[in-house]
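Peer 1: Dumping the structure here so I can ask a few things about it.
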Amino acid sequence: MPQFDFLVIGSGIAGLSYAAKLARHFEARNEPVSIGIITKVQADETNTKYAQGGIAAVWAESDSFEKHIDDTMDAGDGINKRQIVEIVVKEAPERIQELIDYGTRFDKVPEGDYDLAKEGGHSDHRILHFKDITGAEIERALLDEIKSHPSIQLFTHYYAVELITQHHLGETVYRYREDIQCYGAYVLNRETSGVEKFLAKSTLLATGGIGNIYQSTTNPTIATGDGIAMAYRAKGICDNMEFVQFHPTSLHQPGKKPSFLISEAVRGFGGILKHADGSTFMEYYDDRLSLAPRDIVARAIDSEMKKNGVEHVYLDVRHLDYTKFLEHFPNITEYCLNIGIDVRKDMIPVVPAQHYLCGGIKVDEWGETNIKHLHAAGECACTGLHGANRLASNSLLEAVVFGHRAYLSALESFSTAQVPDHIPEWDDSGTTHPEENVLVTEMTRELNSIMSNYVGIVRTYRRMKRAYDRLQLLHEEHEQLYRESKVSVPICELRNMITVSYLVLKMAMARRENVGLHYNLDNLRQSTLA
Numbered sequence: 081m082p083q084f085d086f087l088v089i090g091s092g093i094a095g096l097s098y099a100a101k102l103a104r105h106f107e108a109r110n111e112p113v114s115i116g117i118i119t120k121v122q123a124d125e126t127n128t129k130y131a132q133g134g135i136a137a138v139w140a141e142s143d144s145f146e147k148h149i150d151d152t153m154d155a156g157d158g159i160n161k162r163q164i165v166e167i168v169v170k171e172a173p174e175r176i177q178e179l180i181d182y183g184t185r186f187d188k189v190p191e192g193d194y195d196l197a198k199e200g201g202h203s204d205h206r207i208l209h210f211k212d213i214t215g216a217e218i219e220r221a222l223l224d225e226i227k228s229h230p231s232i233q234l235f236t237h238y239y240a241v242e243l244i245t246q247h248h249l250g251e252t253v254y255r256y257r258e259d260i261q262c263y264g265a266y267v268l269n270r271e272t273s274g275v276e277k278f279l280a281k282s283t284l285l286a287t288g289g290i291g292n293i294y295q296s297t298t299n300p301t302i303a304t305g306d307g308i309a310m311a312y313r314a315k316g317i318c319d320n321m322e323f324v325q326f327h328p329t330s331l332h333q334p335g336k337k338p339s340f341l342i343s344e345a346v347r348g349f350g351g352i353l354k355h356a357d358g359s360t361f362m363e364y365y366d367d368r369l370s371l372a373p374r375d376i377v378a379r380a381i382d383s384e385m386k387k388n389g390v391e392h393v394y395l396d397v398r399h400l401d402y403t404k405f406l407e408h409f410p411n412i413t414e415y416c417l418n419i420g421i422d423v424r425k426d427m428i429p430v431v432p433a434q435h436y437l438c439g440g441i442k443v444d445e446w447g448e449t450n451i452k453h454l455h456a457a458g459e460c461a462c463t464g465l466h467g468a469n470r471l472a473s474n475s476l477l478e479a480v481v482f483g484h485r486a487y488l489s490a491l492e493s494f495s496t497a498q499v500p501d502h503i504p505e506w507d508d509s510g511t512t513h514p515e516e517n518v519l520v521t522e523m524t525r526e527l528n529s530i531m532s533n534y535v536g537i538v539r540t541y542r543r544m545k546r547a548y549d550r551l552q553l554l555h556e557e558h559e560q561l562y563r564e565s566k567v568s569v570p571i572c573e574l575r576n577m578i579t580v581s582y583l584v585l586k587m588a589m590a591r592r593e594n595v596g597l598h599y600n601l602d603n604l605r606q607s608t609l610a
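Going left to right, the sequence shown walks through residues 81 to 610 as the working numbering numbers them.
Given below as structure tokens:
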């Protein structure tokens, strides 16, 4: 039975930077500490790894904190928490310098300064990047750092099933009970198929996003909302789940999951959105044209596709300097070439795909949830930074800033935490291994259809009511399967996806005004009539 001082669920930028700081703190003082990191596949398979564009920070003399704050507030339609925006923006340079100190490389110009990019919604050049694989480079550096600390144990192919709270001690846990505490998690060992207790004085959820509730997503297959669903079942508070960001420009490859991302930075570099005949259309939607914020661009593309009866639009980079484009986007260039698209003479077919969740587990400015000794950071957390829409390249930034703040908070409180010594083992008596996985496959396909068709880029109350009714039936069918079955990753992932789909849907139905990523045609009609 593993027992730790600190347990980290997830191995992206938030979880790894948090663990590295804890290890450095205790090792510098020659104090013993035990830190466990669990990840459900290999360590580097995270949302972080798939982040192409970069990480935003005020770095150039021409830039300012005020400009970055204003850009973030503008992208979030002003419902961001300004205090949080100011914290993240002002702490950004120090946190990024720490990533550099860990060994992260960012591209530089020949003169030696960092090559700062500009992306949609930004008023200045402030995006640090490494080619078009920035997230993978950060992940590499952090994993190297983690491996250098003997106080950290990394468990790959372990899947967190449930958070452990007083509920598992036989106590009734109400959603707004003020003394709910987390004691770690029940974790499935994927090699033995047994569920183990991973006990901890302090736990961090850093489990990433929810992309796979949709048919098309740029997220890896592991992004099934596990942390959010576990926190919700443990009576954690979730917020802003209706704000689901669709990236405007994923590569059009029907049936491929995850969708290959054509980075926002390509438009920042000068790429222009067009139709097959070469005509442009963004001038009808926003003065910033192809550099408008993602929600505006995604809706514009969705509208043009529906209006013209086409499956995609195009991103044209043929007019750009190819040598420089190849230098900045080697991975994108090679991927396109491998499927027959030569960016020197061909336009790139693109379509919106689910990309990011702006809501999640509600946390305060220190990453603390309403459950004691449980923190959350990264995409699974709702900090208030993004408001109704995330500004490009603020996601990696938020994760590293809140990884740091959660570290400070957990450090302060863990010494008073106590883990009961009578926590029961996982009880799966009366369950069996399901004979067929076809039920899970079919239910997942149905869930994807429900969310994509009725709770996507553009919504209506009628669509959402239909989604609610169908989701309710799906939930009942799956709960029976879950109760009868031994724990498995597919069954648990589907359970979590149904839970987060319900949260997205309920909060979307409750939102009565169009703001940011939430766009309801009925709200638009009502405001027009008024």
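Idealized CB from N, CA, C, for every residue including glycine.
Note that the coordinates shown come from a computational prediction; the quantities given were computed from them, not determined experimentally.
State the start and end residues of the unbroken beta strand (DSSP E) segment that holds P432.
Peer 2: Taking the first residue of the sequence shown as 1, we reach residue 432 at position 352. Start and end: I428 to L437.
Peer 1: Counting only the same chain and skipping the five closest in sequence on each side, list residues whose C-beta sits under 6 Å from that of T128.
Peer 2: In the sequence shown, the residue the question calls residue 128 occupies position 48. Closer than 6 Å at Cβ, skipping near neighbours: G92, I93, G215 and E219.
Peer 1: Determine the DSSP secondary structure at V275, reduced to helix, strand or coil.
Peer 2: As a position in the sequence shown, residue 275 is number 195, starting the count at 1. DSSP places V275 in strand when its eight states are reduced to three.
Peer 1: Buried or exposed, going by whether 16 or more other CB atoms sit within 10 Å of the CB of Y364?
Peer 2: As a working mapping, residue 364 is identified with position 284 in the sequence shown. Counting Cβ neighbours within 10 Å, Y364 comes out exposed, since fewer than 16 surround it.
Peer 1: Given K646, which residues of its chain have a CB within under 6 Å of its CB, disregarding the five upstream and five downstream residues?
Peer 2: With the chain running from 81 to 610 in the structure shown, residue 646 is simply not present.
Peer 1: Since F657 contacts F349 with CB under 8 Å, what's their CB separation in whole angstroms?
Peer 2: Residue 657 lies beyond the stretch modelled for the chain, which goes from 81 to 610, so this question has no answer here.
Peer 1: Exposed or buried, what is G201 when buried is set at 16 or more other beta-carbons lying within 10 Å of its beta-carbon?
Peer 2: Position 121 of the sequence shown, counting from 1, holds the residue named residue 201. Buried is the call here.
Peer 1: Do G116 and L87 come within 9 Å of each other at the CB atom, strictly closer than that value?
Peer 2: Indexing the sequence shown from 1 puts residue 87 at position 7. Indexing the sequence shown from 1 puts residue 116 at position 36. Contact flag set, yes.
Peer 1: Looking at Y98 and L353, is the spacing between their C-beta atoms short of 9 Å?
Peer 2: What you label residue 353 is simply residue 273 of the sequence shown in a count that begins at 1. What you label residue 98 is simply residue 18 of the sequence shown in a count that begins at 1. No, Cβ-Cβ distance for L353 and Y98 is not below 9 Å.
Peer 1: Going by the CB atoms, is the gap between E199 and G133 shorter than 9 Å?
Peer 2: Looking up residue 133 in the sequence shown gives position 53. Looking up residue 199 in the sequence shown gives position 119. A contact, by the Cβ cut-off of 9 Å.
Peer 1: Using the C-alpha atoms, what's the distance from L208 back to E557?
Peer 2: Residue mapping note: residue 557 aligns to position 477 of the sequence shown, counting from 1. Residue mapping note: residue 208 aligns to position 128 of the sequence shown, counting from 1. Taking the straight line from one Cα to the other gives about 47 Å.
Peer 1: Hey, out of R206, Y182, V241 and E258, whose CA is closest to S228's CA?
Peer 2: Within the sequence shown, numbered from 1, the residue matching residue 228 stands at position 148. Answer by Cα proximity: Y182.
Peer 1: Taking the DSSP output, what are the residues bridged to E448?
Peer 2: The residue labelled residue 448 in the question sits at position 368 within the sequence shown. Partner(s): H455.
Peer 1: Put I115 into one of helix, strand or coil per three-state DSSP.
Peer 2: Taking the first residue of the sequence shown as 1, we reach residue 115 at position 35. Strand.
Peer 1: Is the CB-CB distance between Y294 and N528 below 9 Å?
Peer 2: In the sequence shown, counting from the first residue as 1, residue 294 sits at position 214. In the sequence shown, counting from the first residue as 1, residue 528 sits at position 448. Against a cut-off of 9 Å, the Cβ pair of N528 and Y294 comes out as a contact.
Peer 1: In three-state DSSP terms, what is I578?
Peer 2: Counting from 1 along the sequence shown, the entry for residue 578 is found at position 498. Three-state result, I578: helix.
Peer 1: Anyone know if the C-beta pair for V121 and T236 falls short of 9 Å?
Peer 2: Mapped onto the sequence shown, residue 121 falls at position 41. Mapped onto the sequence shown, residue 236 falls at position 156. Contact flag set, yes.
Peer 1: Helix, strand or coil: which one does DSSP assign to Y394?
Peer 2: Working through the sequence shown from its first residue, we reach residue 394 at position 314. Three-state DSSP puts Y394 in a strand.
Peer 1: How is the alpha helix (DSSP H) around A100 delimited, first residue to last?
Peer 2: Along the sequence shown, one-based indexing puts residue 100 at 20. Note, A100: alpha helix (DSSP H), I93 to A108.
Peer 1: Would a C-beta distance cut-off of 9 Å place Y394 and H327 closer than the cut-off?
Peer 2: Sequence index remark: in the sequence shown, residue 394 carries index 314 (1-based). Sequence index remark: in the sequence shown, residue 327 carries index 247 (1-based). No, the pair does not count as a contact, with Cβ atoms beyond the cut-off.
Peer 1: Taking 7 Å as the limit between beta carbons, can you name the residues of its chain near I149, skipping five residues before and five after?
Peer 2: One-based indexing of the sequence shown puts residue 149 at position 69. Closer than 7 Å at Cβ, skipping near neighbours: V165, E166 and V169.
Peer 1: What is the DSSP secondary structure of A610, counted as helix, strand or coil?
Peer 2: On the sequence shown, residue 610 is found 530 positions in, with the first residue counted as 1. Any reading at A610 must be qualified, since the residue scores a pLDDT of 44, below 50, and its modelled position is unreliable; the value itself is stated next. DSSP places A610 in coil when its eight states are reduced to three.
Peer 1: Where do the N-terminal and C-terminal ends of the beta strand (DSSP E) with V138 fall, by residue?
Peer 2: Residue numbering aside, residue 138 sits at position 58 when the sequence shown is read from its first letter. Premise fails: V138 is in no beta strand (DSSP E) and is neither H nor E.
Peer 1: Can you list the alpha helix (DSSP H) stretches of 4 or more residues lying completely in the segment 324-404, in chain order?
Peer 2: List check, alpha helix (DSSP H) in window: 344-348 and 374-388.
Peer 1: Among P373, K586 and E448, whose alpha-carbon lies nearest the alpha-carbon of A311?
Peer 2: The sequence position of residue 311 within the sequence shown is 231, counting from 1. Considering only alpha carbons, the answer is E448.
Peer 1: Please determine if the segment 577-587 and the segment 547-567 are in contact, where contact requires at least 3 C-beta pairs separated by less than 8 Å.
Peer 2: Because the criterion of three Cβ pairs below 8 Å is met, the segment 577-587 and the segment 547-567 touch.
Peer 1: For the beta strand (DSSP E) containing A240, list its first residue and its last residue.
Peer 2: Mapped onto the sequence shown, residue 240 falls at position 160. Y238 to L243 is the span of the beta strand (DSSP E), which, as asked, contains A240.
Peer 1: When DSSP builds the beta bridges, which residues end up paired with A265?
Peer 2: Translated into positions along the sequence shown, residue 265 becomes position 185. L243 and F278.
Peer 1: For I180 and P173, what's the separation of their Cα atoms in angstroms?
Peer 2: Sequence index remark: in the sequence shown, residue 180 carries index 100 (1-based). Sequence index remark: in the sequence shown, residue 173 carries index 93 (1-based). Going by the C-alpha atoms only, they are around 10 Å apart.
Peer 1: Quick one: measure Cβ to Cβ for G156 and G467, integer angstroms, because I've assumed they're closer than 8 Å.
Peer 2: Walking along the sequence shown from the start, residue 156 turns up at place 76. Walking along the sequence shown from the start, residue 467 turns up at place 387. Yes, G156 and G467 are in contact; Cβ-Cβ is about 2 Å, under 8 Å.
Peer 1: Throw me the rounded Cβ distance for the G307 and A456 pair, which I believe falls under 8 Å.
Peer 2: For the purposes of this step, residue 307 is taken as residue 227 along the sequence shown, with counting starting at 1. For the purposes of this step, residue 456 is taken as residue 376 along the sequence shown, with counting starting at 1. That belief holds up - the Cβ atoms of G307 and A456 are roughly 7 Å apart, short of 8 Å.
Peer 1: Less than 9 Å between CB atoms is the rule here; does L471 satisfy it with respect to chain C?
Peer 2: No chain C is part of this structure, which consists of one protein chain only.
Peer 1: Assuming the contact rule is C-beta atoms closer than 8 Å, I571 and H555 should be a hit. Round their C-beta distance to whole Å, please.
Peer 2: Counting from 1 along the sequence shown, the entry for residue 571 is found at position 491. Counting from 1 along the sequence shown, the entry for residue 555 is found at position 475. I571 to H555, Cβ: 13 Å. No contact.
Peer 1: Look up N411 in the DSSP assignment and say whether it is helix, strand or coil.
Peer 2: As a working note, residue 411 is residue 331 in the sequence shown. Helix at N411.
Peer 1: Can you tell me which of the three DSSP states T512 falls into?
Peer 2: Stepping through the sequence shown from its first residue, residue 512 is reached at position 432. Correct three-state label for T512: strand.
Peer 1: If you run the structure through DSSP and keep just helix, strand and coil, what is C572?
Peer 2: Stepping through the sequence shown from its first residue, residue 572 is reached at position 492. It is helical.
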